[in-house]
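Protein chains in written order, with full-length UniProt numbering: chain Y, 1 to 373; chain L, 1 to 373.
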DNA sequence: TTGTAAGCGTTATCAG
DNA sequence: CTGATAACGCTTACAA
């Protein structure tokens with residue numbers, strides 16, 4: 001972290017070793033036209049005679065001018081053409097989770113069509129509430145994705161800056177346009193499905209309840225102190241059917257993590273559950289793996305329900321008897337698209353466009369009636 | 001964090017959607033100081049009396065000023081604090097490949113420490129050679145990652161703009177700082193290892209040779225027309241030991257793709273290879289899976305060597321007899337870090353810092369002598 | 001320490 | 001269709 005070395009103290013900011021780039025004004029001068037005409041020649045927005053245009057382009061080529069500087073353009077236009085995407089994990093972790101990737105894909109698709117690019121920002125909320133890179137970055141709008149941490153401060157800052165904020169599956173936030181999923185209701189449906197199969201001993205494996213990456217049984221206090229909207233809603237959904245279902249918190253969403261938590265779960269002193277509701281497919285795969293390792297058959301001895309409907313089950317189950325996970329399929333990509341659309345709409349001055357999506361229970365072969373005892 | 005409850009005039013009239021954001025000048029005026037002082041109060045870079053600072057901050061809070069506008073700041077400073085990362089795939093595909101993710105992670109780590117954020121840009125090279133979003137985005141430097149397409153035009157444009165370019169594993173490009181990997185030499189070593197084991201019938205499964213996502217046997221013409229530096233180099237490495245090894249091109253880097261190509265490979269009329277050199281671990285997993293499906297044991301009937309050394313072998317092999325892939329382990333994360341460092345160094349005016357890394361052959365349990373026949 | 005002034009490179013406006 | 005001119009909001013050398 002060295003100090004940027006503008007040490008030579010020149011009058012202009014960047015008079016370092018780099019050759020000064022010609023400006024549009026210089027091109028105009030060389031072409032013998034006014035700056036405004038040169039500008040029009042490049043932006044294409046406005047009437048320019050064919051002759052003037054070619055002269056400008058020629059002069060540009062001559063001088064090695066690469067087109068208008070985006071920085072100046074964004075100042076002048078008040079727009080940078082960039083949408084910030086905020087995630088609250090290290091990028092490597094975030095990218096490892098198909099949910100984020102698919103959502104991002106939806107965002108990227110819509111953003112790309114609109115000619116805007118994506119600025120990746122790790123959620124910048126230190127304990128101090130610092131909002132660093134997020135506010136120093138030239139973004140026109142921000143999409144908050146997978147928020148396990150308290151984001152209100154960030155939203156507050158962005159609001160003050162008049163930067164539209166879209167929050168995917170966040171708690172109700174003042175000033176952020178929500179893109180919601182029926183997490184609670186969907187989880188309730190999954191639980192009801194298990195209940196109808198006859199299950200009475202149901203456990204839950206939750207996604208992280210906050211940004212601290214803790215792992216283990218979820219105490220009442222921990223649950224009450226939880227912040228992560230999605231995890232809590234999904235948990236509440238199950239609790240609507242099984243009010244006292246024990247819950248285990250995973251420290252992340254990965255197969256390995258699911259395996260660890262699953263191992264603990266099946267090894268616990270408590271009576272073994274006959275069904276486990278897992279808050280993500282990736283975790284569910286790990287839990288299933290742990291079940292096998294513990295000598296349990298799925299679904300004969302224990303049923304497992306996932307969440308997400310990620311399309312990679314084939315590879316993950318390839319050498320197991322399982323063909324398809326029972327899970328709640330959610331429309332990630334569409335969620336991402338909706339978020340991007342909402343963001344773009346807002347920065348064009350259109351009214352907020354909240355969105356809400358439903359998950360569908362897809363019944364695979366990881367659920368069955370509980371074993372006769 | 002809350003609005004100061006100055007009872008009299010604090011409430012800003014909420015002027016509909018177009019509430020003009022206050023400027024630093026306005027804040028300075030309200031605080032009774034000069035703009036420059038207000039600027040220093042925010043940037044922290046320069047001497048400001050405690051009293052002035054608090055007055056400025058108070059005025060800012062009063063007016064709902066959220067800090068200096070990054071757009072204006074970047075124009076003035078000639079820097080936006082953003083590094084562009086260019087990938088030549090759809091983001092969803094790119095993120096699905098651990099190689100990209102890990103590289104990106106290395107980039108993000110270094111960039112984050114330097115206070116710069118990452119702008120994700122899909123490689124914009126239409127057949128027309130358009131370079132759209134890449135040049136309109138306010139980036140200080142660009143890192144090209146995983147380039148299967150011809151990137152010269154993009155680099156040319158960026159050069160003209162004085163934007164430093166770092167290319168990871170690209171062919172030698174005028175004006176781009178290279179971050180290289182010993183693809184050819186490493187592949188040669190892997191091939192030599194197989195030769196020493198006694199293999200004579202060796203096939204290659206390649207990564208895409210260009211951006212067209214073709215799949216199938218690699219003809220001499222196709223090979224000659226190939227663009228993707230990495231794939232070609234790795235292929236050449238094997239050819240250094242097995243000059244006429246048949247090659248099959250995969251249409252991407254995924255387990256599923258590996259399985260498809262592997263199935264074709266093992267079903268082909270040609271004599272079955274006793275060893276397969278696969279250009280990525282992800283593909284290799286698929287090839288191994290295909291081998292099992294074809295009734296072949298790995299490594300007894302067929303040896304498989306991968307490339308990359310991605311750290312997820314455990315999950316992928318979890319229900320197979322295989323514990324570890326024989327592969328060439330490359331330092332992705334360090335590559336990403338080096339790329340980011342090079343980019344940052346350049347935009348600070350430092351001389352170019354090319355980098356080159358080595359891959360290590362890690363011998364797992366997917367390779368063995370060929371079956372006695 | 002603080003104030004003054006001069007841009008940074010564009011684009012929008014409006015008159016010719 | 002073209003040209004002069006005024007911002008866009010901020011930073012920073014330099015003077016006070």
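Beta carbons are placed, not taken as given, at the ideal position from N, Cα and C, and that holds for glycine.
One finds nothing in chain Y with a Cβ atom closer than 7 Å to the Cβ of residue 155 of chain L; even the nearest lies about 12 Å away. By DSSP's assignment, residue 193 of chain L forms no beta bridge with any residue. Apart from the 5 residues on each side of it in sequence, residue 119 of chain Y sits with its Cβ closer than 6 Å to the Cβ of 82, 84, 137, 139 in its chain, given in chain order.
The Cβ atoms of residue 219 of chain L and residue 279 of chain L lie no closer than 8 Å to each other. Using a Cβ distance threshold of 8 Å, residue 32 of chain L and residue 55 of chain L count as a contacting pair.
The C-beta distance from residue 256 of chain Y to residue 286 of chain Y rounds to 6 Å, short enough to meet the 8 Å contact threshold. Residue 47 of chain Y sits in coil when the DSSP states are folded into three classes, being neither helix nor strand.
Chain Y has no Cβ within less than 8 Å of the Cβ of residue 266 of chain L. For residue 223 of chain Y, no beta strand (DSSP E) segment is defined; the enclosing uninterrupted segment is the alpha helix (DSSP H) at 220-225. Three or more beta-carbon pairs separated by less than 8 Å link the stretch 148-159 of chain Y to the stretch 206-213 of chain Y, which places the two stretches in contact. By a beta-carbon distance limit of 8 Å, residue 262 of chain Y contacts residue 291 of chain Y. Their separation comes to about 6 Å.
Scanning the stretch 286-362 of chain Y for uninterrupted alpha helix (DSSP H) segments of 4 residues or longer gives 313-316, 332-347, listed from N- to C-terminal end. No Cβ of chain Y is located within less than 8 Å of the beta carbon of residue 39 of chain L. For residue 106 of chain L, there is no enclosing beta strand (DSSP E); the residue is part of the alpha helix (DSSP H) that begins and ends at 98-113. Note on residue 187 of chain Y: 16 or more other CB atoms within 10 angstroms of its CB, so buried under the neighbour-count rule. Within chain L, no C-beta atom comes nearer than 8 Å to that of residue 287 of chain Y; the closest sits roughly 13 Å away.
Under the three-state reduction of DSSP output, residue 249 of chain L falls in the strand class. Within the model, the alpha-carbon separation for residue 155 of chain Y versus residue 165 of chain Y is close to 7 Å.
Secondary structure note for residue 205 of chain L: its beta strand (DSSP E) is the uninterrupted segment 202-206. Neighbourhood of residue 112 of chain L in chain Y, by CB distance below 7 Å: 122, in chain order. Contact with chain Y is absent for residue 35 of chain L, since none of that chain's Cβ atoms lies less than 8 Å from the residue's Cβ. Against chain L, the beta carbon of residue 105 of chain Y has neighbours under 8 Å at 90, 91, 92, 95, listed in chain order. Residue 275 of chain L is bridged by DSSP to L/202, L/303. Within the same chain, 371 come within 6 Å of residue 301 of chain L by CB-CB distance, once the 5 residues on both sides are set aside.
Considered as a whole, the UniProt domain "HTH lacI-type" (22-77) of chain Y harbours 24-31, 35-43, 50-63, 70-77 as its complete alpha helix (DSSP H) runs of no fewer than 4 residues, in chain order.
Between residue 366 of chain L and residue 328 of chain L, the gap from beta carbon to beta carbon reaches 8 Å or more. Shown here for residue 68 of chain L: same chain residues with a beta carbon closer than 8 Å to its own, the five before and five after excluded, namely 24, 39, 42, 43 in chain order. Using a Cβ-Cβ cut-off of 9 Å, residue 81 of chain Y is close to 133, 136, 137, 138 of chain L, given in chain order. Contact check for residue 281 of chain Y against residue 309 of chain Y passes: the beta carbons are separated by less than 8 Å. Contact between the stretch 103-110 of chain Y and the stretch 157-164 of chain Y is absent: fewer than three C-beta pairs spanning the two stretches fall below 8 Å. For the pair residue 35 of chain L and residue 28 of chain L, the CB atoms are nearer than the 8 Å cut-off. The beta carbon of residue 108 of chain L falls within 8 Å of a beta carbon belonging to chain Y, placing the residue at that interface.
The C-beta of residue 296 of chain L comes no closer than 8 Å to any C-beta of chain Y. Linking residue 48 of chain Y to residue 37 of chain Y through their CA atoms gives a straight-line distance of about 7 Å. A straight-line Cα-Cα distance of about 16 Å links residue 275 of chain Y and residue 361 of chain Y.
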